[in-house]
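> This structure is in structure tokens; I'll ask about it shortly.
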Amino acid sequence: MCGIVGAVAERNITAILVEGLKRLEYRGYDSAGVAVYTNDEKLERLRRPGKVSELEQALVESSLVGRLGIAHTRWATHGAPCERNAHPHFSGDLAVVHNGIIENHEALRAQLTGLGYVFTSDTDTEVIAHLLNHKLKDLRDLTVALKATVKELHGAYGLSVISAQQPDRLVAARSGSPLVIGLGLGENFLASDQLALRQVTDRFMYLEEGDIAEIRRDSVQIWDVTGQAVERQTVQYSDGAEAADKGEFRHYMLKEIHEQPSVVQRTLEGRLSQNQVLVQAFGPQAAELFAKVRNVQIVACGTSYHAGMVARYWLEELAGIPCQVEVASEFRYRKVVVQPDTLFVTISQSGETADTLAALRNAKELGFLASLAICNVGISSLVRESDLTLLTQAGREIGVASTKAFTTQLVGLLLLTLSLGQVRGTLAAGVEATLVEELRRLPTRLGEALAMDATVEKIAELFAEKNHTLFLGRGAQFPVAMEGALKLKEISYIHAEAYPAGELKHGPLALVDNDMPVVTVAPNNELLEKLKSNLQEVRARGGELIVFADEKAGMTNGEGTHVVQMPHIHDILSPILYTIPLQLLSYYVAVLKGTDVDQPRNLAKSVTVE
Ligand code: HGA
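With the UniProt record's numbering, you'll find the sequence shown wraps up at 610, consecutive numbering, no jumps.
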């Protein structure tokens, strides 16, 4: 989603700002802009719809140079993606960039219009610029005026401001959308994600909720939500592990699909003993808290929600714990009845997903036993605000359509299931030992599934001319089918829906004809025979079947039926393995359709707005 980069330095900062925006491109955006306090002591801006490269080109032609500036990639929430709505927004001598949504923007717009301010965009953000400008008239100091301004904003913001009147500083405010200060020598920086600043510094200070910051070349001052001056800890990163390139792969998504054996291996490292999961992997108080757990409530969005749905099958079957799973945007606004001793589990790749974070904050008021985050980013808000954490070790995921984050989340959730079963004594030691052994073999199994790459690429040709697809699965494969359908929608723009195979005849069978491919995942379990009958129902109506079937399932190619033989795997781990061919399928269909695989239209990587 939107990205912010800011800099105050002794040298020209335009190239630093543009490089920062490029590093945030993977999050998805629709326009970009930069405002610079120029060496001629004027505030100037350039904005462009489309890619950062277009802004960069325009900057080269304009030779905009200065030592103070802010820049932004916008993912539109209010107002179409076009130059006029791109950030920075100006009012008088100041420029504002903003991530988030100002919910009372209509009331503020009416009030400010009444005071004579003229709006030049359709965004909610522009009210911040005019309101701040208005406050500055009396308060005079930019930082003081920002403190007064944010008191009148409802909603979520990570924002930064520069002013030609006080060009010695960047000011910033965080409430509901992350910001980090990058510390340099005689220069300082600001961004919505530290990745944007890794080329200029390795020292960072994370703003907390409600913080206001004044960032000068040689000093940083921060005030907390109560207005108290506070110090925030400095974090130093020592390696270049965040660097990302596609290597031999055509897209980040394909690279990330192929990384799954190694990142699953990393997610398991240090978390297994000979026969057991090491419960302390979830935190020092995990064993004591897990012993009290009688229910689990999982809350997540998108792909992470599908991971949670798989976990529900595991938690009830293996740990004997009732489990509910809900999408965060629903949970956060619902009157929830919390059963005693319920563990509240959130799942998020970035740990900044606005709805999931809000659900966690609500949950704290609702009497849950404790909160646990399964997350890929250790320095995220979700991790900081949860009692227990399990970090997935997927590494940086660039492709907007999540792949390796999902499979490592599944591994984390299986570790959670086994830990709960172990501590509560509901899982037989022999079963845990078997599954630990299977987990150790999982990276090899995933490698075998990836070796089917070329077979799946061929199958993808069946979809090139299609507009609709059904995905079917039973049991824990139903959420896998949902994830497969989501992946196909996200990157190939083909309409895809997932159903539990048994639901077919209760409605969706009406859609099936010879123009509707039906994708099915068929591990060799007790539901196989039922699934085969459901597939017959599809074939009888002319539907073309693509079946990813266990090599022991006894399914073979036939008229209108394409069977891809999958390596045999323990049934409990099958959702992780069967995800792989569905990821590959979406990828190759998208490549055939020529879409922007890594940055699909309208989507963003880390969904930091509601
Ligand atoms: N509401 C602002 C910023 C949107 C945003 O943060 N997206 O991630 C706008 O629409 O410009």
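For glycine and all other residues, C-beta sits at the position ideal for the given N, C-alpha and C.
On a predicted model such as this, the values are computed, not experimentally measured, just so you know.
Classify T403 as helix, strand or coil using the three-state DSSP reduction.
Here DSSP, grouped into helix, strand and coil, assigns T403 to coil.
> In chain order, which beta strand (DSSP E) runs of at least 3 residues are fully inside the stretch 145 to 208?
155 to 163, 169 to 175, 180 to 183, 188 to 191, 203 to 206, all fully within the stretch 145 to 208.
> Quick one: complete beta strand (DSSP E) runs, 3+ long, within the stretch 61 to 116?
Correct list: 66 to 74, 89 to 91, 94 to 102.
> Anyone know if the C-beta pair for L450 and I569 falls short of 8 Å?
no
> Beta-carbon separation of E159 and I181 under 8 Å?
Looking at the sequence shown, residue 159 is not Glu but Leu. No, the Cβ-Cβ distance between L159 and I181 is not below 8 Å.
> Under a three-way DSSP split, which group does N295 fall into?
Three-state result, N295: strand.
> Please report the distance separating the alpha-carbon of Y29 from that of P88.
14 Å
> Is H154 near the ligand HGA, judged by its Cβ being under 7 Å from some heavy atom?
no
> Starting from the Cα of I215, find the closest Cα among E397, S163, L357 and give me that residue.
S163
> Does the Cβ of A243 have 16 or more other Cβ atoms within 10 Å, making it buried, or fewer, making it exposed?
Because the pLDDT at A243 is just 48, under 50, the model does not fix this residue reliably, and the value given afterwards should be weighed accordingly. Flag for A243 reads exposed.
> Which residues in the same chain have their Cβ closer than 6 Å to the Cβ of H251, if we skip the five residues on either side of it in sequence?
V597, D598
> Where DSSP assigns a beta bridge to E497, which residues make up the other side?
For E497, DSSP records a beta bridge to L470.
> Compute every distance between the C-beta of N534 and the non-hydrogen atoms of the ligand HGA, then say whether any falls below 7 Å.
no
> In whole angstroms, what separates the C-alpha of E259 from that of R266?
11 Å
> Have a look at G240 and K246 and give me their C-alpha separation to the nearest angstrom.
In this predicted model, G240 has a pLDDT of only 49, less than 50, meaning its place in the structure is not dependable; the value taken from the coordinates is given anyway. If I take the Cα positions, the gap works out to 16 Å.
> Can you name the start and end residues of the alpha helix (DSSP H) that S492 belongs to?
Its alpha helix (DSSP H) spans residues 477 to 492.
> The ligand HGA and T353: does any heavy atom of the ligand fall closer than 7 Å to the residue's C-beta?
Remark: the C-beta of T353 is outside contact range of the ligand HGA, defined as less than 7 Å to any heavy atom.
> Can you list, in chain order, the stretches of the beta strand (DSSP E) that have 3 or more residues and sit fully within the stretch 248 to 308?
Entirely contained in the stretch 248 to 308, the beta strand (DSSP E) runs reaching 3 residues are, in chain order, 295 to 300.
> So which of D168, V431, L142, M482 has the shortest CA-CA distance to Y305?
M482
> Where does the unbroken beta strand (DSSP E) through Q324 begin, and where does it stop?
Segment 323 to 327, the beta strand (DSSP E) holding Q324.
> Skipping 5 residues on each side, what residues in its chain have a beta carbon closer than 7 Å to that of V264?
T407, T408, V411, L442, P443, L446
> In terms of residues, what are the limits of the beta strand (DSSP E) holding T455?
Per DSSP, T455 belongs to no beta strand (DSSP E); it is in the alpha helix (DSSP H), 453 to 460.
> In three-state terms, what does DSSP make of I128?
The three-state reading of DSSP puts I128 in helix, counting H, G and I together.
> Can you tell me whether M309 sits near the ligand HGA, meaning its C-beta is under 7 Å from at least one heavy atom of the ligand?
For the ligand HGA, not one heavy atom lies less than 7 Å from the Cβ of M309.
> Pull up the DSSP beta-bridge partners for T123, would you.
By DSSP's assignment, T123 forms no beta bridge with any residue.
> Go through its chain and collect everything with a Cβ distance to K135's Cβ below 6 Å, but skip five positions before and after it.
A145, A148, T149
> Taking only the alpha-carbon atoms, compute the straight-line gap between A460 and E490 and give it to the nearest angstrom.
The straight-line gap from Cα to Cα measures roughly 16 Å.
> According to the neighbour-count rule (16 or more other Cβ atoms, all chains shown, within 10 Å of its Cβ), is D40 buried or exposed?
It is exposed - the Cβ of D40 has fewer than 16 other Cβ atoms within 10 Å.
> Shortest alpha-carbon distance to E365 belongs to which of L390, V336, L372, G69?
For the residues L390, V336, L372, G69, the minimum Cα distance to E365 belongs to V336.
> From the DSSP output, in three-state form, read off P567 for me.
coil
> Hey, would you say H130 sits closer than 8 Å to S91, going by beta carbons?
yes
> In terms of residues, what are the limits of the alpha helix (DSSP H) holding A553?
Per DSSP, A553 lies in no alpha helix (DSSP H) and is assigned neither H nor E.
> Taking all protein chains shown into account, do 16 or more other C-beta atoms lie within 10 angstroms of the C-beta of A319, making it buried, or fewer, making it exposed?
buried
> Excluding five sequence neighbours on each side, which residues of the same chain lie with their C-beta closer than 6 Å to the C-beta of V171?
Cβ within range, chain order: L142, T143, L146, V161, E214.
> With distances taken Cα to Cα, identify the nearest neighbour of T120 among G79, R203, T226.
G79
> Compare the beta carbon distance of S62 and R47 with 8 Å and say whether it is the shorter of the two.
no
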